[in-house]
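Working notes, beginning with the structure itself.
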Amino acid sequence: MDASFVKTSEVQTLLDRATGQDQEGGNPRLKTILRDILEATAEIIVRHDISESEFWGAVNFLSQGASEFGLIVPGVGLEHFIDLFLDAKDKEKGLTGGTPRTIEGPLYVAGAPLVEGEANLTKDADDTETLRMNGQVRGPDGEPVKDAILHVWHANSQGWYSHFDPTREQTPFNNRARIKLDGDGRYAFQSKMPQGYSVPPDGPADRLLKALGRHGNRPAHVHFFIEAPGYRKLTTQINFGDDPFAADDFAFATREGLLPVPNRQGEIAYIAFDFELQRAAGQGEEGFSARTRAAA
Ligand code: DHB
Ligand code: FE
12 MDASFVKTSE VQTLLDRATG QDQEGGNPRL KTILRDILEA TAEIIVRHDI
62 SESEFWGAVN FLSQGASEFG LIVPGVGLEH FIDLFLDAKD KEKGLTGGTP
112 RTIEGPLYVA GAPLVEGEAN LTKDADDTET LRMNGQVRGP DGEPVKDAIL
162 HVWHANSQGW YSHFDPTREQ TPFNNRARIK LDGDGRYAFQ SKMPQGYSVP
212 PDGPADRLLK ALGRHGNRPA HVHFFIEAPG YRKLTTQINF GDDPFAADDF
262 AFATREGLLP VPNRQGEIAY IAFDFELQRA AGQGEEGFSA RTRAAA
């Protein structure tokens with residue numbers, strides 16, 4: 012059987028009717044895109060001669076894996092692909108420069124405490140390494156960005172994020188804050204050095220990665236959103252350049268320019284890191300994407 016089977020009128024009519032092409036109502040963009048997804052799926056089924064058992068195995072994986080889709084999407088590289096696509100579109104418009112964007116990941120929680128001045132993010136009492144990070148948020152001409160809010164979140168020394176921690180040992184918003192910066196764009200915080208993250212063992216993401224012969228580990232990292240009036244909202248993260256997984260991140264979030272090596276002095280790891288924002292073309296660029304996020 013070859014791919015021309017999908018082009019037979021019986022299959023084409025099925026795809027049209029299934030996506031409401033013969034109906035007035037509905038969302039035209041959704042109808043068009045879903046039709047393309049279904050046709051591509053049909054072509055893949057034919058090209059690989061997918062059996063009935065394999066087909067239902069895939070449906071079962073998708074339904075069982077739904078709770079981990081936020082992990083699977085970065086794991087299969089699609090979240091990074093979206094960054095590459097946004098970068099390519101920016102480049103086409105001549106919009107380059109600034110701190111690179113990189114994936115948000117699934118573990119942000121809205122509503123973290125809004126703090127001013129030097130922040131302490133952690134309530135962890137463990138005697139692991141302290142992280143001290145500071146720097147400045149600047150614009151394209153080197154100007155300090157005024158009135159920025161820097162959202163920061165990271166895992167604890169065991170690799171768990173508060174709110175998503177199965178051990179339930181973290182206080183709400185542990186290792187999370189929104190830091191309100193003043194006129195000079197400078198920030199400073201201290202916290203506990205995060206440990207690299209790995210996907211929950213034996214869950215759907217882990218099973219998929221194993222079936223691909225891959226692992227589910229990320230280097231230790233710290234996430235940021237930066238929003239400021241007049242500037243494009245930045246979604247990024249730093250990954251520690253000396254982590255064993257710095258060059259082998261299962262989520263493809265590590266990027267050149269985002270891999271600082273901490274200056275380790277005794278029990279303290281220091282990172283100095285400046286951010287550069289792009290100027291916003293309009294207010295639509297200052298805000299968050301419409302992604303559904305956890306809130307507490
Ligand atoms: C995942 C976890 C992260 O901490 C992150 O930054 C990106 C992805 C994940 O579980 O897929
Ligand atoms: Fe993360």
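Counting in this note's numbering, the sequence shown runs from 12 upward without gaps. Just so you know, even glycine gets a beta-carbon here, dropped at the ideal spot from N, CA and C.
Closest residue to residue i among the options (Cα-Cα distance)
{"i": "V233", "options": "P240, D98, G252 and R218", "result": "G252"}
{"i": "F184", "options": "G196, S15 and L132", "result": "L132"}
{"i": "G88", "options": "L269, E129 and F263", "result": "F263"}
{"i": "P255", "options": "W67, L270 and V22", "result": "L270"}
{"i": "R302", "options": "L45, E90 and A69", "result": "E90"}
{"i": "K157", "options": "Y242, D60 and H174", "result": "Y242"}
{"i": "I83", "options": "A159, R189, R225 and I55", "result": "R225"}
{"i": "D217", "options": "F72, A121 and W164", "result": "F72"}
{"i": "L26", "options": "E50, D13 and R40", "result": "E50"}
{"i": "L97", "options": "A53, S300, D47 and D176", "result": "S300"}
{"i": "E115", "options": "H165, E127, S202 and D193", "result": "H165"}
{"i": "Q201", "options": "N167, F175, R229 and N145", "result": "N145"}
{"i": "A159", "options": "I237, R304, T52 and T110", "result": "I237"}
{"i": "N167", "options": "L106, E140, N228 and Y281", "result": "E140"}
{"i": "L106", "options": "A306, T246, A292 and A305", "result": "A292"}
{"i": "T247", "options": "E54, T52 and R112", "result": "R112"}
{"i": "A257", "options": "I249, A305, A307 and P230", "result": "P230"}
{"i": "D94", "options": "E79, T110 and F80", "result": "T110"}
{"i": "R189", "options": "G128, S64 and A77", "result": "G128"}
{"i": "P211", "options": "G68, G196 and Y172", "result": "Y172"}
{"i": "A53", "options": "Q23, G76, A307 and N250", "result": "Q23"}
{"i": "A307", "options": "T182, N250 and G196", "result": "T182"}
{"i": "K203", "options": "N250, H174 and A136", "result": "A136"}
Alpha carbon of residue i to alpha carbon of residue j, nearest angstrom
{"i": "Y119", "j": "F235", "result": "10 Å"}
{"i": "T30", "j": "T43", "result": "8 Å"}
{"i": "A99", "j": "G108", "result": "13 Å"}
{"i": "L220", "j": "P155", "result": "43 Å"}
{"i": "E287", "j": "K244", "result": "11 Å"}
{"i": "Q169", "j": "G214", "result": "18 Å"}
{"i": "R143", "j": "V17", "result": "58 Å"}
{"i": "G268", "j": "E297", "result": "23 Å"}
{"i": "A123", "j": "N274", "result": "28 Å"}
{"i": "V187", "j": "G37", "result": "The sequence shown places Arg at residue 187, not Val. Distance between the alpha carbons of R187 and G37 is about 41 Å."}
{"i": "S20", "j": "R28", "result": "12 Å"}
{"i": "F284", "j": "F66", "result": "48 Å"}
{"i": "D259", "j": "G86", "result": "12 Å"}
{"i": "L7", "j": "R40", "result": "Residue 7 lies beyond the residue range present for the chain, which begins at 12 and ends at 307; the question has no answer from this structure."}
{"i": "E278", "j": "L45", "result": "54 Å"}
{"i": "R290", "j": "Y198", "result": "20 Å"}
{"i": "G150", "j": "Q32", "result": "47 Å"}
{"i": "R266", "j": "I56", "result": "35 Å"}
{"i": "D60", "j": "L223", "result": "20 Å"}
{"i": "P205", "j": "K102", "result": "34 Å"}
{"i": "K191", "j": "G153", "result": "20 Å"}
{"i": "D138", "j": "A280", "result": "13 Å"}
{"i": "E180", "j": "G194", "result": "37 Å"}
{"i": "H308", "j": "A121", "result": "This structure leaves residue 308 out entirely; the chain is present only between 12 and 307."}
{"i": "A239", "j": "G227", "result": "34 Å"}
{"i": "Q34", "j": "D47", "result": "17 Å"}
{"i": "R58", "j": "F80", "result": "26 Å"}
{"i": "S209", "j": "P117", "result": "13 Å"}
{"i": "G207", "j": "D176", "result": "14 Å"}
{"i": "S74", "j": "A305", "result": "21 Å"}
{"i": "M12", "j": "A69", "result": "21 Å"}
{"i": "I282", "j": "A77", "result": "37 Å"}
Delimiting residues of the alpha helix (DSSP H) encompassing residue i
{"i": "A231", "result": "Careful: A231 lies outside any alpha helix (DSSP H) and carries neither H nor E."}
{"i": "L95", "result": "L89 to E103"}
{"i": "T24", "result": "S20 to A29"}
{"i": "L41", "result": "P39 to R58"}
{"i": "A69", "result": "E63 to G76"}
Terminal residues of the beta strand (DSSP E) in which residue i lies
{"i": "W164", "result": "I160 to H165"}
{"i": "V84", "result": "From DSSP, V84 is part of no beta strand (DSSP E) but of the alpha helix (DSSP H) over F80 to G86."}
{"i": "M144", "result": "T141 to R149"}
{"i": "E129", "result": "From DSSP, E129 is part of no beta strand (DSSP E); its letter is neither H nor E."}
{"i": "Y281", "result": "I279 to A283"}
{"i": "R275", "result": "N274 to Q276"}
Mind listing, in chain order, the residues whose beta carbon lies closer than 7 Å to a non-hydrogen atom of ligand 1? This selection yields G81, L82, P85, G86, I114, G116, P117, L118, A166, Y172, Y208, V210, A216, R229, H232, H234, Q248, A262 and A264.
With a floor of 4 residues, list each alpha helix (DSSP H) that falls wholly inside the region 182-253, ordered by position along the chain. The qualifying runs are 215-222.
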